[in-house]
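A.B. asks: In the working numbering, the protein residues as written are 82 to 354. Don't be surprised by glycine CBs; every beta carbon is placed ideally from N, CA and C.
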Amino acid sequence: MPTNTLLPLSATLLSSLLMLSPGAPPPGPPPGGPGFAPPPPHVVLEHMHARGVLTIDEATRAAARQLAQARRPTLERLHGLRRQATEAYLRSLTSGTSTNTQALADAAAAELELRRAELELARQIHGLLRPEQRAGLLSHRPPAPPPPPSDALAHHARALGVDALTADAIVDVFKHHARALSSLHARVDTDRDAYLALAGLDERDARVIRQGALLETSVKQLRVRELELLVELRSLLTTAQWDALAPMFAGPPPPPHHGRHHEPPPPRPDATE
């Protein structure tokens, strides 16, 4: 999905922790604005149409707006619950460096509920499109952004006031998890594309339910891994450093309901092969 609905949170953690690009929007069409989550799918349709990337008639775009409007209160509520659960997990790490199992489970569950609702909306909107339009949207879904280079990580970690040894340890934490996180992100992308390929089917259809369950498992595994990574980071920081950084990990507010139009990104490399 071009909204990159499942924003690669590990890249966001890197940017937030090391101040490389605080609040930077993810790559892709169109950014929701600094500190915001990616725009909802109906905004992406408007963007793609306005920039001439896809031709989508007004009736289809209006139907997408109606679907999004109907889901908006639910999504805003789930964004709030996700942030509350994540903040509770972060607070649980303030006084120690071990995982609070219940807080982690609650944060992962809140993430899953939000992503489930977002993806069902995306699937419904995909169902309004012709097959070639769906393919066009998927071809412009941006890949997960690469992690910043190790020297930049170490430099910005030292800028936080940690010593050189601790800065190197922070880099090592991300290096240690990089391959696993990359693999989990790839699995989420694959499962998400397969889920959106079922656009047009009723949400009670067995194929939708089966693929949705696979996707939910992937999403939950990724989020748990990311939350567990924070335990390792916490163990490397003083309480004051952690208290200063923890709010950055709570997640962005809901995306704006309307978006500005920006230049479309190039197609994904695999889309032209």
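Could you give the first and the last residue of the continuous alpha helix (DSSP H) run that contains PRO120?
C.D. replies: Note, PRO120: premise wrong, no alpha helix (DSSP H); not H, not E.
A.B. asks: Using 8 Å for Cβ pairs, my map puts LEU70 next to LEU195. What's the rounded Cβ distance?
C.D. replies: Nothing can be reported for residue 70: it is not among the residues displayed for the chain, which extend from 82 to 354.
A.B. asks: Taking the alpha helix (DSSP H) that PHE255 falls in, what are its first and last residues?
C.D. replies: From DSSP, the alpha helix (DSSP H) with PHE255 extends over 245-277.
A.B. asks: Rounded to the nearest angstrom, what separates ALA186 and PRO328 at their Cα positions?
C.D. replies: Rounded to whole angstroms, ALA186 to PRO328 spans 19 Å at the Cα level.
A.B. asks: So, helix, strand or coil for GLU201, using DSSP?
C.D. replies: Helix at GLU201.
A.B. asks: Go to ALA149, then tell me how far its alpha helix (DSSP H) extends in each direction, as first and last residue.
C.D. replies: Note, ALA149: alpha helix (DSSP H), 139-175.
A.B. asks: Return yes when the Cβ of THR167 is within less than 8 Å of the Cβ of ASP331, no when it is not.
C.D. replies: Looking at the sequence provided, one finds Ala at residue 331 rather than Asp. Yes, Cβ-Cβ distance for ALA331 and THR167 is below 8 Å.
A.B. asks: Once DSSP output is grouped into helix, strand and coil, what is the label at LEU296?
C.D. replies: It is helical.
A.B. asks: Under 7 Å: does the beta carbon of ARG152 sit that close to some heavy atom of the ligand MN?
C.D. replies: As far as ligands go, the structure on display features none, and thus does not contain the ligand MN.
A.B. asks: Tell me, please, whether the region 147-156 touches the region 127-134 by the rule of three or more beta-carbon pairs shorter than 8 Å.
C.D. replies: Segments in contact, no.
A.B. asks: Using C-beta distances below 6 Å, list every residue in its chain close to HIS258, excluding the 5 sequence neighbours before and after it, in chain order.
C.D. replies: Excluding positions up to five away in sequence, the list reads LEU310.
A.B. asks: Taking ARG288 and LEU296 to be in contact with their CB atoms under 8 Å, please state how far apart those CB atoms are, rounded to whole angstroms.
C.D. replies: About 12 Å separates the two Cβ atoms, so there is no contact after all.
A.B. asks: May I ask you to report which of helix, strand or coil DSSP gives TRP323?
C.D. replies: In this structure, TRP323 counts as helix in the three-state DSSP scheme.
A.B. asks: Is DSSP giving ARG285 helix, strand or coil here?
C.D. replies: Correct three-state label for ARG285: coil.
A.B. asks: Between which two residues does the alpha helix (DSSP H) holding ARG215 run?
C.D. replies: ARG215 -> alpha helix (DSSP H) spans 212-220.
A.B. asks: Decide if ALA188 is buried, meaning its Cβ has at least 16 other Cβ atoms within 10 Å, or exposed.
C.D. replies: Burial call: buried.
A.B. asks: For VAL305, does the three-state DSSP call read helix, strand or coil?
C.D. replies: The answer is helix: DSSP assigns VAL305 an H, G or I state.
A.B. asks: Under 8 Å by Cβ, that's how I've got LEU193 and VAL305 pegged, so tell me the actual separation to the nearest angstrom.
C.D. replies: Rounded, the Cβ-Cβ distance is 10 Å, inconsistent with contact.
A.B. asks: Can you tell me whether DSSP reads THR182 as helix, strand or coil?
C.D. replies: The answer is helix: DSSP assigns THR182 an H, G or I state.
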